[in-house]
Structures are given as C-alpha cells and as structure tokens.
Amino acid sequence: MWYWLFKYVLIGPILIALGRPTVEGLENIPARGPVILASNHQAVLDSFYLPLKVQRRITFLAKSEYFTGPGLKGAFQKWFFTAVGQVPIDRTGADAAQDALNAGARVIEKGKLLGIYPEGTRSPDGRLYKGKTGMARLALKTGVQVIPVAMIGTDKMNPIGSKVWRPAKITIKIGKPIDFSRFEGMAGNRFVERAVTDEVMYDLMLLSGQEYVDVYAASLKKTAPAPTATSDGPERIPHTRAS
Numbered sequence: 003m004w005y006w007l008f009k010y011v012l013i014g015p016i017l018i019a020l021g022r023p024t025v026e027g028l029e030n031i032p033a034r035g036p037v038i039l040a041s042n043h044q045a046v047l048d049s050f051y052l053p054l055k056v057q058r059r060i061t062f063l064a065k066s067e068y069f070t071g072p073g074l075k076g077a078f079q080k081w082f083f084t085a086v087g088q089v090p091i092d093r094t095g096a097d098a099a100q101d102a103l104n105a106g107a108r109v110i111e112k113g114k115l116l117g118i119y120p121e122g123t124r125s126p127d128g129r130l131y132k133g134k135t136g137m138a139r140l141a142l143k144t145g146v147q148v149i150p151v152a153m154i155g156t157d158k159m160n161p162i163g164s165k166v167w168r169p170a171k172i173t174i175k176i177g178k179p180i181d182f183s184r185f186e187g188m189a190g191n192r193f194v195e196r197a198v199t200d201e202v203m204y205d206l207m208l209l210s211g212q213e214y215v216d217v218y219a220a221s222l223k224k225t226a227p228a229p230t231a232t233s234d235g236p237e238r239i240p241h242t243r244a245s
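Per this note's numbering, the sequence shown starts with residue 3, numbered consecutively.
Below is the structure:
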C-alpha cells in the first residue's frame, strides 16, 4: 500500500513538479512477467523516478546501510526503503555477491521487475563506469531478458552530497530487451559474464550519451580522483556486441 501511496500522493506529485519527467521506450517493458531493468546510476533519485514512470512495481536491490542506521532516523529510513520496495543486500561480507544473486533470483521467481545498477554505486562524476558481472550472473541463471535504462538529469536535481532537491529536467530512456538465451548453459563462465555485462553497458552508453570509463566506480572512489582522458580519448567498450 505504501509503495502506491508514495508514488501517487506523497512524493510522486512533488517529483513530477520538480523534474517534469519524460520517458522514451516505455513500450519495451512487458506488461507481465519477470525482467531485469539495468540502469545507469547518477543519483539516489534514480530509484524514485523510474518507478514513477513505469506502471508496474519495481523492486531494487539496495545497500544494507539504508536499513541499519541508528536511532529514530535509521528506523524511519529502514521503514521508508522497505515501503518503497527496496531489498537490502550486504555488500561487504565474504558472501555478498552470492547473497545479492539469491535476493535478485527470489524477486525474479515471483515474476516481478527487478531494478539493478550494474555500476554497483553512483557515478562520482557523471560518467558511466565499468559494470560488475553480478547482473550477468543473474540473467544467465534465471534466463530473463535485460532491459537497459538510462536516467538523465537526476544528478542535476540531486548532486552527490546535496540535501535539497533542485528543479531539473529528467529524461528516462528505456532500451530494447536484450535476450541472452544464446548463452544458455554457460552460467558461471566468467568470459561470458563479462561479455553479457559489456553488451548491456554498451547499450547504456548509447542511451545515456555518457562518456564510458573502463574502471569500477567503487574502486575509483576508494583509491584516487577520477581519471582524466588521455590524448587518445577515454577507454570505451569496443563497438561490437557479444556473439
């Protein structure tokens, strides 16, 4: 109940007024059945605007820190993220990757839409970063299609570190479903998982218009400032699709 109340009454109208969101390719999302929505990740608001424009309910895998904060604020945060359909995953433990895979598989088994951010974290500078292969493992394990989704403008409304939303035009571009049935029986092959991941990231690059950087965003945040482009230009996913 709370999911729909937030969407249509409590938060949705505010987001519509601030972002004037438009969506392209909504017809690419099936009316029923499970699918993975693989999105770039510019801001926390990505998880709000995509559900706002998609009729079906979307369940996102969210970092467990959203559910474990202390005090009254932590309790409210846990209630809120649970109410809006987020599923907590621990990204720090030894079994974190498998736990996330299991959580995603349970959502898919129920025939729902599963939202995933292949980059694993928000972009630190607006560019598109290397995708992690968890999404590919899940797609290969379950056999569901992957739909790339580009969120554009959310970083302008909700910059990293900001506490107040700012009016900004939001655009959502939903790509064609990608069928990986040609890799049936090859789940667990790390080369196939990387090929699947790169194919999705390539489509996200085209949809979003972002510059692609061939490093993990999380590693970049921990170790060094954002890399600069060389004289040959930034590394990009090769202009070929997995076959």
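Glycine residues also receive a C-beta, built at the ideal position from the N, C-alpha and C atoms.
Model, not experiment: these values are computed from the prediction.
Counting along the chain, Thr24 sits inside the beta strand (DSSP E) bounded by residues Thr24 to Glu26.
Inter-residue distance for Pro15 and Glu26 is about 20 Å (C-alpha atoms, whole angstroms). The three-state secondary structure of Thr123, taken from DSSP, is coil. Listed as beta-bridge partners of Lys65 by DSSP are Ile91. Counting along the chain, the unbroken alpha helix (DSSP H) around Lys158 starts and ends at Thr156 to Met159. Here the alpha carbons of Leu74 and Val151 stand approximately 34 Å from one another. Burial state of Ser41 is buried, judged by a 10 Å Cβ sphere holding 16 or more other Cβ atoms.
With 16 or more other Cβ atoms inside 10 Å of its own Cβ, Phe69 counts as buried. By the beta-carbon neighbour count (other beta carbons within 10 angstroms, threshold 16), Tyr10 is exposed. For Thr84, DSSP assigns no beta-bridge partner whatsoever. The Cβ-Cβ distance between Lys171 and Arg22 falls below 7 Å. Nearest neighbour of Val215 by Cα position, chosen from Glu121, Arg139 and Phe182, turns out to be Glu121. Contact between Leu142 and Glu195 holds, with the beta-carbon distance rounding to 7 Å and staying under 8 Å.
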